[in-house]
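Below is one structure, written out as structure tokens, with a few remarks after it.
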């Protein structure tokens, strides 16, 4: 087999489709640096399945697509096709020619084709596995791969030997087998956990099943006795009830006669009492009117006398008050006018005082300054002027001396500057070189530091991720266990539900026949058709009783057919509820309204269940007149409110029956139809949530494993990077020490020179500062002398003027003070006048208000505005006549009342006698009614009990009842059976079927456990066999490569020795491999101590040793000889020619010796920026390409 053709389009710099035809022997691909010739190697590696974008010198896989250039647009896909000649069928497919194609699109999608048929990456990988042609095999060697072989750890270096030994497929198979082994262990652990759980359940279930069988047997026997006793009690109670009914009929007739007579007497009494009440009302009204009339006569006579006296006095007093009011109002007006006049005077005087004070202040300030002060100021100014003249002369002398010193210092500075420039130039060059080296060292140190920091962080991340993985795996395992437990319970309940376990025999048979399509129109048992919340299940189960197993049919005919089917099959009995004939039963709305206000009321029973609309009539028939209360005490109160007509059940399952009897006590804790269905629904929901949680946890664990694998791979890469970085750091550090010594010497010289320059500069700057300060001071002195001269002139003039003005100011001051005193006195007098006027005005206003109030009070007195004297006399006459008429009416009514009262008393005595006789009959009737009600209730209770417990009406019960010869003996047997059932305690009726199912599941899982143990042993054996095979293959191949390596090393180096050493020969599957080399004239030493060229040639020797041991159809060598000198390149080229007889070589090169040894030469150029092209190379162009390649180095 050999490589025939490579076609590339859109891959990296190959914007246009190119095709390279290869021939046996050596084919060289040449071209200038940067032309894209190494992209040929990348294309072959990529088409063979390379998944690392980094290995292809990219950041992501889409980077291999042509990205565009200045003149070309980017492409949307890349495609590479590799065509192989498979005439020798080295690749295990029935084709003489094999083509492998890979495409990638910018959207991220990718395709693989094998002979133009779509396939998977795994198909291509498996096709070339252990053939030496894989993407990681030794058939593709680049310069980077050579360095990797040389620099990698011994443990990592063994991978190339494994490829040569053909053990990769065994390693892959072993990995799969180990993965299966882990899965088998996990499955085995799960099975063992489930078996352990079932084993714990099995024995208790066996005991429960035994108890359940005893319970069923005893309850059947108890049922027979119980039915017989109830039928017997109903028959006995019926005879007693018949006798009571006849006696009740006779008493009722007599009671009715007495009641009629009582009604007649009561009607007469009611009529008399009504008449008596009317007379009393007339008497009371007349008496009240008489009292009122007498009082009015007296009141009006007194009022008439008082009126005459008060009117005379009031007229006199009002006239006096009006005169006083007029006088007081005039006084107020006079005072208000005087107040306004005085306030105007006050404002005017206040303004005059303010003006005088302002003038007085100005005059006092003008007199403050004296002539003696002006004279002192003149003397001080003259002294200052003389001092400034002396200072001016001194400063001029200093300026002359400073100019001389500045001339001397300038000459010294010029000499020193020339010397300093020369030294500084040398120092600058040294510092630049040092700075460059320091930056390089700093960068290297930073890289090492960052690399160590990243390494530590990544180690912590790995440790944290590993711990997190352990924790998540533990949680996942627990979730598996819990899920398995719940699933087993759900399957058990589902099986019970499907088998209608817990239903009466007859009901169960009908439901099974419905599912088998043997019976039509069967909608289901009541328990199947309703849903009940857990908190109401006990109440609803109690309310329904046996009715929960009644079967609902769509019509009466289907119910009759089902009963006929039960009789035919002798399959038991069942009660049917045809929807077409059933009627709702409800409580009257008015009565229900009274009950709903009770605090213990919960709801009507049918309101607490969920059901489809079409079953409304059925549910209202069964539960429409059943009330639900929160407690037994509340239930009793509610039953009393409705006259004990309806059943009331409590949330705990106690009952107040219609008629008043109570049923209650402890309820056996056993699985009911409602609780089982609710538990099954809850388990289905819980399992769904758990499966979602488990899937999420499995995804998390898988992600965490991938993360850990990536972290470990990154840590290995970082170790290698760290070693390289530390080596660069040492080189930079040595160079920096040398430069540091040079810089220090120059800096010492510069420091001395700079010190002298600084000293000169300091002195010069000091002199310049002194010069500037002196010049500045001269200018200031000149200005100050002029200012002082001006001040003296002004002070002399001011002294002469001040003496003349002083006398005038003193006269003004005295006059202003006199005017101020007069104005202040006048102001005080006006203020006093205003205060007096305000006081008098306040008193006058108060007097006016007082007189006005007195006038209003006198005018409002009774009598002045009332009726006249004539009107008062007429009113008195009218009230006197009314009083006389009322007295006559009262006397007449008193006589009538006395007569009627005597008649009422006689009738009341007669009524009491009749009522006493009637009560005796009523009491007798009530006693009989209570006896009849009690017997009827007992009979009804027994019939309801028959219906609820055994689904029998009285006629059916009489047919099934066994004969009772000795009633007492039967009752003793019933008592003993109930005691025995009670002693059994809580019984799980489903345990019989559940035990059989669990036992069957236990047997099945035990067989699974044995199968898993056998599979585990088989996997262990297979892994051991693969280890033996890999050890044997690797050991044999290593010996051959080692032998060939010694030979190829000597031939390539022209002498010397070399060896391959196993670091751990006892662990052939994991041992690392060390390469030892001794070039001619040197000691035997490790690769790391050889020169770059020697290391490269050693790696090439190892490559040829592998090819000699395990020949491959073709081999791609990408600039592996780049580090060799010319003589070694020639040896390398000759070696290629030697091996090309058995192996096809494609070499990427720019070395002359390699090009000359090639059979075919292809050129890669980049005539257009960013676009590589394949060109045909003519013989005359060969030398030019060789020259370009050499120049590129």
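Numbering (the UniProt record's numbering), first residue to last: 1 to 1193. Built from N, CA and C at the ideal position, the CB exists for glycine as well. Remember, it's a predicted structure, so these values are computed and weren't measured experimentally.
Counting along the chain, the unbroken alpha helix (DSSP H) around residue 564 starts and ends at 556 to 569. Between residue 69 and residue 1127, the C-beta gap is not smaller than 8 Å, which leaves the two residues out of contact.
In the DSSP assignment, residue 1045 falls within the alpha helix (DSSP H) that extends over 991 to 1053. Between the alpha carbons of residue 630 and residue 605 lies a gap of roughly 12 Å.
About 7 Å separates the Cβ atoms of residue 957 and residue 230, confirming a contact at the 8 Å cut-off. Here residue 97 is bridged, per DSSP, to 85. Nearest neighbour of residue 48 by Cα position, chosen from 941, 785, 99, turns out to be 99. Per DSSP, residue 112 is one residue of the beta strand (DSSP E) stretching across 110 to 114.
Residue 524: member of the beta strand (DSSP E) spanning 522 to 525, first to last residue.
If the five residues before and after residue 948 are omitted, its C-beta is found closer than 6 Å to the C-beta atoms of 545, 546, all from its own chain and listed in chain order. Assigned with DSSP and collapsed to three states, residue 203 falls in helix.
The C-beta of residue 583 has fewer than 16 other C-beta atoms within 10 Å across all chains shown, which makes the residue exposed. At a Cβ-Cβ threshold of 8 Å, residue 1124 and residue 1157 do not count as neighbours. Partner residues in the beta bridge of residue 650, as assigned by DSSP, are 629. Spatial neighbours of residue 1016 in its own chain (CB-CB distance under 6 Å, excluding positions within 5 residues in sequence) are listed in chain order as 184. Ranked by Cα distance from residue 559, the options 534, 519, 572, 585 are led by 519.
Per the DSSP secondary-structure output, residue 142 pairs in a beta bridge with 1118. The beta carbons of residue 279 and residue 897 sit closer together than 8 Å.
Residue pairing of residue 65 in beta bridges, as defined by DSSP: 11. Going by C-alpha positions, residue 1041 is about 44 Å away from residue 188. The residue among 874, 921, 781 with its C-alpha nearest the C-alpha of residue 257 is 921. A direct Cα-to-Cα measurement between residue 494 and residue 679 gives close to 10 Å. Look at residue 1145 here: in three-state DSSP terms it is strand.
Contact between the region 22 to 37 and the region 1161 to 1168 is established, with three or more Cβ pairs separated by less than 8 Å.
With contacts defined as CB atoms closer than 8 Å, residue 192 and residue 1009 qualify as a contacting pair. DSSP, reduced to helix, strand and coil, places residue 276 within a helical segment of the structure shown. Look at the beta carbons and you see the region 453 to 469 touching the region 705 to 716: at least three pairs across the two are nearer than 8 Å.
Residue 616 holds the alpha-carbon nearest to the alpha-carbon of residue 579 among 1147, 124, 616. Residue 302 and residue 893 have their C-alpha atoms some 33 Å from each other.
Taking C-alpha positions only, residue 18 is separated from residue 83 by approximately 14 Å. If you look at residue 1100, you'll find it in the alpha helix (DSSP H) that goes 1092 to 1109.
The DSSP-derived three-state label of residue 16 is coil. The closest CA to that of residue 714, considering only 751, 452, 295, 190, is found on 452. With a threshold of 16 other beta carbon atoms within 10 Å, residue 654 meets it and is buried. Among the bridge pairs identified by DSSP, residue 577 is matched with 552. For residue 1130 against residue 1153, the beta-carbon gap comes to about 5 Å, under 8 Å, which counts as contact.
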